[in-house]
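Chemist: Numbering (the working numbering), first residue to last: 1 to 327. Virtual Cβ for every residue (Gly too), placed ideally from N, Cα, C.
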Amino acid sequence: MIRRALTALGLLAALVLAGCGKDESKTLRFSFESASDQGGMSQRWQPVLDDLQKQSGLKVEPFFASNYTAVIEAMRFNQVQVGWFSALPTLEAIRRADGEILGRITDEGGARDYESVLIVRKGSGITLADVLKCDKRLNFGIGDARSTSGTLAPMSYLFIPRNIDPQNCFKVVRSASHQANLFAVANGVVDVATNNSVGLQFAHRDEPAAADKIQVIWTSPPLPESSIVVRKDLDPAIKAKLSHFFLTYGTAPGPDGDRERRNLKALTFGGFAAAAPDYLDPVKQMDAAETLYDAKKAGDPARIAAAQKAYDAVLADIAAHQPTAQR
Numbered sequence: 001m002i003r004r005a006l007t008a009l010g011l012l013a014a015l016v017l018a019g020c021g022k023d024e025s026k027t028l029r030f031s032f033e034s035a036s037d038q039g040g041m042s043q044r045w046q047p048v049l050d051d052l053q054k055q056s057g058l059k060v061e062p063f064f065a066s067n068y069t070a071v072i073e074a075m076r077f078n079q080v081q082v083g084w085f086s087a088l089p090t091l092e093a094i095r096r097a098d099g100e101i102l103g104r105i106t107d108e109g110g111a112r113d114y115e116s117v118l119i120v121r122k123g124s125g126i127t128l129a130d131v132l133k134c135d136k137r138l139n140f141g142i143g144d145a146r147s148t149s150g151t152l153a154p155m156s157y158l159f160i161p162r163n164i165d166p167q168n169c170f171k172v173v174r175s176a177s178h179q180a181n182l183f184a185v186a187n188g189v190v191d192v193a194t195n196n197s198v199g200l201q202f203a204h205r206d207e208p209a210a211a212d213k214i215q216v217i218w219t220s221p222p223l224p225e226s227s228i229v230v231r232k233d234l235d236p237a238i239k240a241k242l243s244h245f246f247l248t249y250g251t252a253p254g255p256d257g258d259r260e261r262r263n264l265k266a267l268t269f270g271g272f273a274a275a276a277p278d279y280l281d282p283v284k285q286m287d288a289a290e291t292l293y294d295a296k297k298a299g300d301p302a303r304i305a306a307a308q309k310a311y312d313a314v315l316a317d318i319a320a321h322q323p324t325a326q327r
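1. Could you compute how far the alpha carbon of residue 73 sits from the alpha carbon of residue 279?
2. Considering only the beta carbon of each residue, do residue 260 and residue 106 sit closer than 9 angstroms?
3. Just the C-alpha distance for residue 21 and residue 79, rounded to the nearest angstrom, thanks.
4. By a C-beta neighbour count over all protein chains shown, 10 Å radius and 16 as the cutoff for buried, is residue 237 buried or exposed?
5. Per DSSP, residue 114 is paired with what?
6. Does DSSP put residue 353 in a helix, in a strand, or in coil?
7. By the 10 Å Cβ neighbour count, where 16 or more other Cβ atoms means buried, how is residue 168 classified, buried or exposed?
8. What residues are listed by DSSP as bridge partners for residue 107?
9. Would residue 145 and residue 68 be called neighbours here (beta carbons separated by less than 9 angstroms)?
10. What are the start and end residues of the beta strand (DSSP E) that includes residue 196?
11. Evaluate the contact criterion for the stretch 125–141 versus the stretch 300–316: three or more CB pairs, one atom per stretch, below 8 angstroms.
12. Quick check on the DSSP output: the alpha helix (DSSP H) that includes residue 131 runs from which residue to which?
13. Find the nearest neighbour of residue 199 within the set 242, 118 and 175, judged by alpha-carbon distance.
14. Between the Cα of residue 292 and the Cα atoms of 267, 251, 156 and 231, which residue gives the shortest distance?
15. Should residue 90 and residue 229 be called a contact, given that it needs their Cβ atoms to be closer than 9 angstroms?
16. If I measure Cβ to Cβ from residue 116 and keep anything under 7 angstroms in the same chain, skipping five residues before and after, which residues do I get?
17. Please identify the residue among 234, 290, 66 and 184 whose C-alpha is closest to the C-alpha of residue 99.
18. Distance, Cα to Cα, residue 298 vs residue 310?
19. How long is the line joining the alpha carbons of residue 185 and residue 55, rounded to whole angstroms?
20. According to DSSP, which residues form a beta bridge with residue 141?
21. Tell me which residue opens and which closes the beta strand (DSSP E) that residue 29 is part of.
22. Taking contact to mean at least 3 C-beta pairs separated by less than 8 angstroms, is the stretch 202–213 in contact with the stretch 174–183?
Written out as structure tokens, the structure reads:
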């Protein structure tokens, strides 16, 4: 399965970083999503990081990696202390990298969700029915293996329910960032690709010529927005500063608050909010469902039993988060 294939190069990069990193107690390294346009994201985030540096008294350095695995491993080996993660990498960071959620993102309208989408080139005539034919006629662009909207959501909501493995469905399957996939579709390099609603907002704002060539043919159910993740073992005083910074950023009245709100708008953010206990429930269920699908596909009874047990446990945990009236 695509999502289960760990990127060896990304893991090696993180391990190399772990071996050569410097112990700088006054330096905070902040990581960014690998599915995003790194240059553009760096420019949009820099004013926020400048404010963080000024308010915390720490030197704040941006950190980029080529894929999600490398970013998670960098946090695991303490090469990164805080970062911006989408929902599935947030779950992975909690499980594997001693991470905890500091706060979640809200969009400009206050919403806390976004959607995964499938895009095609306008005028191509390609429909969702064409995609689901699985006649190996189309080239498909998928996201990073650990991407929530680029891989997990389309697998969980579109392909797995129809017992479709993209590797057996399309002529070519290529993994790339949302930005690269959008340009690939716009330029006719691939026929259909995954993306997300936030990525399309950026594209219409920053690359309108390419975005105007794109048509959405499928939209997922709502997905939990991204979050700020911090290492659990970070100095509690620093964590407190980070929490206060993010949860109050853009809320002040007057010129300073206006400037912060402009910085958030550049990121299509409305601000940051505390994460409720059920924040990652949809992602946990999708992740467990895909693990169960992989096990059934492999045909190993012991693996199927373990995956089913894990899936049932996730459902029970989700039920526990729901109000009594909804159970």
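Modeler: A quick look at the data gives this:
1. Counting from one through the sequence shown, the residue named residue 73 turns up at place 73. Counting from one through the sequence shown, the residue named residue 279 turns up at place 279. Rounded to the nearest angstrom, the two C-alpha atoms are 23 angstroms apart.
2. For the purposes of this step, residue 260 is taken as the residue at position 260 of the sequence shown. For the purposes of this step, residue 106 is taken as the residue at position 106 of the sequence shown. Not in contact: residue 260 and residue 106 (Cβ atoms no closer than 9 angstroms).
3. For the purposes of this step, residue 21 is identified with residue 21 of the sequence shown, where counting begins at 1. For the purposes of this step, residue 79 is identified with residue 79 of the sequence shown, where counting begins at 1. Because the pLDDT of residue 21 is 44, which lies under 50, any placement of that residue in the model is unreliable, and the question is left without a value.
4. For this step, residue 237 is matched to residue 237 along the sequence shown. That one is exposed.
5. Position 114 of the sequence shown, counted from the first residue, corresponds to residue 114. Paired residues: 223.
6. Residue numbering for the chain in the displayed model covers 1 to 327; residue 353 lies beyond these limits and cannot be assessed.
7. As a first step, residue 168 must be located in the sequence shown, where it is residue number 168. Sixteen is the threshold: since fewer than 16 other Cβ atoms of the shown chains lie within 10 Å of the Cβ of residue 168, the residue is exposed.
8. In the sequence shown, counting from the first residue as 1, residue 107 sits at position 107. Residue pairing from DSSP places residue 107 in a beta bridge opposite 269.
9. In the sequence shown, residue 145 corresponds to position 145, counting from 1. In the sequence shown, residue 68 corresponds to position 68, counting from 1. Closer than 9 angstroms, so yes.
10. Looking up residue 196 in the sequence shown gives position 196. Unbroken beta strand (DSSP E) run through residue 196: 192–196.
11. No: the two stretches stay apart, fewer than three of their Cβ pairs being nearer than 8 angstroms.
12. If you number the sequence shown from 1, residue 131 lands on position 131. For residue 131, the uninterrupted alpha helix (DSSP H) segment begins and ends at 128–132.
13. Numbered from 1 along the sequence shown, position 199 holds the residue referred to as residue 199. Of 242, 118 and 175, the residue nearest in Cα terms is 118.
14. The residue labelled residue 292 in the question sits at position 292 within the sequence shown. Nearest option by C-alpha distance: 156.
15. Indexing the sequence shown from 1 puts residue 90 at position 90. Indexing the sequence shown from 1 puts residue 229 at position 229. A contact, by the Cβ cut-off of 9 angstroms.
16. Taking the sequence shown and counting its residues from 1, the one referred to as residue 116 is at position 116. 149, 153, 154, 194, 196, 220 and 223, listed in sequence order.
17. Along the sequence shown, one-based indexing puts residue 99 at 99. Of all alpha-carbon atoms in 234, 290, 66 and 184, the one lying nearest the alpha-carbon of residue 99 is that of 234.
18. Translated into positions along the sequence shown, residue 298 becomes position 298. Translated into positions along the sequence shown, residue 310 becomes position 310. Those two C-alpha atoms are separated by around 17 angstroms.
19. As a working note, residue 185 is residue 185 in the sequence shown. As a working note, residue 55 is residue 55 in the sequence shown. Just so you know, the alpha carbons of residue 185 and residue 55 end up roughly 42 angstroms apart.
20. The residue given as residue 141 occupies position 141 in the sequence shown. In DSSP, residue 141 forms a bridge with 174 and 193.
21. Along the sequence shown, read from residue 1 onward, the residue named residue 29 stands at position 29. Segment 27–31, the beta strand (DSSP E) holding residue 29.
22. A contact exists between the stretch 202–213 and the stretch 174–183.
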